[in-house]
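Take a look at the structure below.
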Amino acid sequence: MRMFIPLSPTQVQELAAIGQLAGPLEGVIPNDAFAQWIESDDPEDMEFAALSRAGDLALLLAETNQRVVAVVDVDVDGLEISDEPAGTAFLADLSSGQIASLHVDDALNKTVIADARKALASDDDSGEAELAAVDDCDLLWFDALELADVAVSLS
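For what it's worth, our numbering labels the leading residue of the sequence shown as 1478, then goes sequentially.
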């Protein structure tokens, strides 16, 4: 099964350097409960929604103004699955060999991401427009073999 895990730039660099990342790591799995939550059991809809949800979670981790989501192959038996919210799971450890792909914000979107992070940190609801603007920021796709290059680009 695929799991969509938000990572900080520091975590990406650690993963590239030593090939392992200690958990638990929170992510999103497109399981049956997630399908009910998004009201679609179409596999493409489920994966897109899981990537989007992980991208939203990555806003909370971003040390720089770029989100990173790793798409990893996992054994469901090795996950701790939570019901709240649907599709939330925790992975004990991650090895670089489990990565299928990486998704990273285009550097051109750094201002949008920075504004969204400020909105999340504020105590009021005035940042809805900034958070909604993130939906227009596509995450760029990188092959797992490009992990080291992605790590360098985030430094």
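Every residue gets a Cβ at the ideal spot worked out from N, C-alpha and C, and that includes glycine.
*Count the other CB atoms, across all protein chains shown, that sit within 10 Å of the CB of Ala1535; report buried if there are 16 or more and exposed otherwise.*
buried
_Counting C-beta neighbours from all protein chains within 10 Å, is the total for Thr1588 16 or more, i.e. buried, or is it exposed?_
exposed
_Proximity to Val1553 [Cα-Cα], best of Cys1614, Asn1508 and Leu1585_ = Asn1508
*Name the DSSP beta bridge partners of Glu1503, please?*
Phe1567
_Three-state secondary structure (DSSP) of Val1489_ = helix
*From which residue to which residue does the beta strand (DSSP E) around Val1581 run?*
Ile1576 to Asp1582
*Determine the direct distance from the alpha carbon of Asn1542 to that of Ala1591, and round the result to whole angstroms.*
5 Å
*Following the continuous beta strand (DSSP E) through Arg1479, name the residue where it begins and the one where it ends.*
Arg1479 to Leu1484
_Alpha-carbon to alpha-carbon, Ser1559 and Ser1517_ = 19 Å
*Tell me, to the nearest whole angstrom, how far the beta carbon of Gly1504 is from that of Ile1482; I am working on the premise that it is less than 8 Å.*
4 Å
*How would you write the range of the beta strand (DSSP E) that Leu1536 sits in, first residue to last?*
Where Leu1536 is concerned, there is no enclosing beta strand (DSSP E), although the alpha helix (DSSP H) it sits in stretches over Pro1520 to Leu1536.
*asked:* Using only the alpha-carbon positions, how far apart do Trp1514 and Ala1598 sit?
replied: 26 Å
_Buried/exposed call for Ala1569, threshold 16 Cβ in 10 Å_ = exposed
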